[in-house]
Amino acid sequence: MDKQPGGDAAAEKEKSVVLSHKEDLDGISAAALMVQSYGCDVKLADYEGMMGALKHIAADPSVKRLFVCDLGLSERNQDEFVEVMGRMRKTMPVTYIDHHAIDEGVAGRLKDAGITMIHDTLDCASVLAYEAFRDRLDEHASFTAACAAVSDYMEDGPAASPLMRMYDRLFVMLNATVLAQCVAAKQRDKDYLKQLVGELAASRYAHEITGSFETARQQCEPVPDMIRTVRDGVKRLRHVAYMDMTESGYKRAANFVLGLGALDVGVSYRAKKEHYSASIRGTDACDVHLGRLVNETASALGGSGGGHARACGAMIPLPNIDDFVRELDRRVGVEMQGGGVLQ
Ligand SMILES: [Mn+2]
Numbered sequence: 000m001d002k003q004p005g006g007d008a009a010a011e012k013e014k015s016v017v018l019s020h021k022e023d024l025d026g027i028s029a030a031a032l033m034v035q036s037y038g039c040d041v042k043l044a045d046y047e048g049m050m051g052a053l054k055h056i057a058a059d060p061s062v063k064r065l066f067v068c069d070l071g072l073s074e075r076n077q078d079e080f081v082e083v084m085g086r087m088r089k090t091m092p093v094t095y096i097d098h099h100a101i102d103e104g105v106a107g108r109l110k111d112a113g114i115t116m117i118h119d120t121l122d123c124a125s126v127l128a129y130e131a132f133r134d135r136l137d138e139h140a141s142f143t144a145a146c147a148a149v150s151d152y153m154e155d156g157p158a159a160s161p162l163m164r165m166y167d168r169l170f171v172m173l174n175a176t177v178l179a180q181c182v183a184a185k186q187r188d189k190d191y192l193k194q195l196v197g198e199l200a201a202s203r204y205a206h207e208i209t210g211s212f213e214t215a216r217q218q219c220e221p222v223p224d225m226i227r228t229v230r231d232g233v234k235r236l237r238h239v240a241y242m243d244m245t246e247s248g249y250k251r252a253a254n255f256v257l258g259l260g261a262l263d264v265g266v267s268y269r270a271k272k273e274h275y276s277a278s279i280r281g282t283d284a285c286d287v288h289l290g291r292l293v294n295e296t297a298s299a300l301g302g303s304g305g306g307h308a309r310a311c312g313a314m315i316p317l318p319n320i321d322d323f324v325r326e327l328d329r330r331v332g333v334e335m336q337g338g339g340v341l342q
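So the sequence shown is numbered by numbering that gives the first Met the number 0: it starts at 0 and just counts up by one.
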C-alpha cells in the first residue's frame, strides 16, 4: 500500500506499527486512525491470531513504536500479553487502546511496565483513539469514529454521543452498516481489509469506496434463509436460546438467535477444528455482564472467552458445548435473581 497521508515527518522516520482487531469495523477504524495519526504500518489479527501476530512484531527490529487496538484479553493470553508488551516497552513506546473488560491486576501490571493505557469500557476503541489523538487527526476522523461506535453498539458512550450529534444519524448508520458488512464479507481477504484501513485513513465515506455497497448487498442475500433456519431450529432453556450454526455466518446469527429465541440471551456457535466458536448476545433487559460470565464459564470448561456486557464471544472445546450452554443458562438465572450489576 502507498504511504498514507497524515503521518508527520518525525513519525515517519521511525517505523510505527498498529496491531488491531480485524473482525469488526471498530478494529479496522482504530487501525485507520493510527495510520492517519502516526503513519503506522498495519497488522490485523483475530483473537486466535493476536498473540502470534504480537510476537511476530516483537521480533522485528525495525519497529520503533507500537499501538495495540481493540483486542481484549482473556485468562488464556493475558499473562503472555503482559510479558511480551512489557519486553517491547523496554525499547520503544507501547500503547494499548481497548474497551473490553480487563482484569484489574493485569491492567496494573501493564501500567507498571510503562505501557500507555487508553482503556475505558464505556466507549469503543476507535472513539478512544480519536479522543487521545484528535490533534493529529483530520476532521473526518470524528465521522470514522462515530461509525465504529455504531457498529460496536456503543454510540451512546460518553465520548461517542457528541460525535453522533455532529452528523446526520441515519447517514452515520448507513456508513457504519455498509462498512461493517464489508468487513464481515472480507474476513478471509487480508489485502482488502488493509486497503479498507487505507481508504478510511484517507477520510473516505462508504459510498466513495468502490464496490462497498455491492459487497454489503451480497451480504444481505443469505439473511432471509438464516432467519427461517433460526426460527425453525432455535432451542430454548430458561434464559438462553441457542443454536448450532455450523454452516457459515454464525456471528450474524447470534442476533437472530437472541431476537427470534425471545429469551434473555442468545448463543450461536460453529464447529471449528478443535473447538466451537460461540457468539453470545444479551437483551437490554438482561442486567448481567455476559462478558465476565462467559469468561468464567468458558475458562472452567477448558475454553476461553469474554467481551462486553451484552455482546461477547467464546471458544469452547468440542465435547463441552452443551455443558457451556447449560452452565451459562444456570449462571444467568442466578445473577438475574440476585440483581446482577453491570460493570
Ligand atoms: Mn471494539
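Note that CB positions come from ideal geometry on N, CA and C, so glycine has one too.
Remember, predicted model here, so these are calculated numbers, not experimental data.
> Where does Glu-198 sit, in a helix, a strand or coil, going by DSSP?
Replying inline: helix
> Along the chain, which unbroken stretches of the beta strand (DSSP E) at least 3 residues long are found entirely within the segment 118 to 190?
Replying inline: none
> What's the C-alpha gap between Ala-310 and Ser-61?
Replying inline: 37 Å
>> For Leu-236, tell me which candidate among Arg-230, Leu-262 and Gly-26 has the shortest Cα-Cα distance.
In response: Leu-262
> What does DSSP give as the partner residues of His-39 in its beta bridges?
Replying inline: According to the sequence displayed, residue 39 carries Cys and not His. Answer by DSSP bridge pairing: none, since Cys-39 is not bridged.
> Cα-Cα, which of Asp-78, Met-49 and Asn-76 is closest to Phe-66?
Replying inline: Met-49
>> Could you check whether Leu-109 and Tyr-129 sit closer than 9 Å to each other, using their CB atoms as the reference points?
In response: no
> Should Gly-232 be labelled buried (16 or more other beta-carbon atoms within 10 Å of its own) or exposed?
Replying inline: exposed
>> For Ser-202, which residues in the same chain have their Cβ closer than 7 Å to its Cβ, ignoring the five residues on either side in sequence?
In response: Asp-137 and His-139
>> Does Lys-54 come out as helix, strand or coil in the three-state DSSP assignment?
In response: helix
> Any heavy atom of ligand 1 closer than 8 Å to the CB of His-98?
Replying inline: yes
> Residues in its own chain within less than 6 Å of Ala-200 by CB, not counting five upstream and five downstream?
Replying inline: Gln-3, Ala-31, Val-34 and Gln-35
> Among Arg-230, Thr-176, Leu-53 and Ser-125, which has the Cα closest to the Cα of Thr-214?
Replying inline: Thr-176
>> Considering Cα atoms alone, identify which of Asn-254, Pro-318, Ser-211 and Arg-133 is closest to Gly-265.
In response: Asn-254
>> Assuming contact is defined by CB atoms lying nearer than 9 Å, are Arg-64 and Tyr-37 in contact in what I supplied?
In response: yes
>> With a threshold of 6 Å on Cβ separation, who are the neighbours of Ile-279 within its own chain once the five nearest residues in sequence on each side are excluded?
In response: Val-266, Leu-289, Val-293 and Cys-311
> Taking DSSP as the reference, what is the three-state secondary structure of Ile-279?
Replying inline: strand
>> When you measure from the CB of His-139 to every non-hydrogen atom of ligand 1, does any distance come out below 8 Å?
In response: no
> Among Gly-306, Arg-269, Cys-39 and Asn-76, which has the Cα closest to the Cα of Val-93?
Replying inline: Cys-39
> In the DSSP assignment, what residue or residues form a beta bridge with Phe-66?
Replying inline: Val-17 and Thr-94
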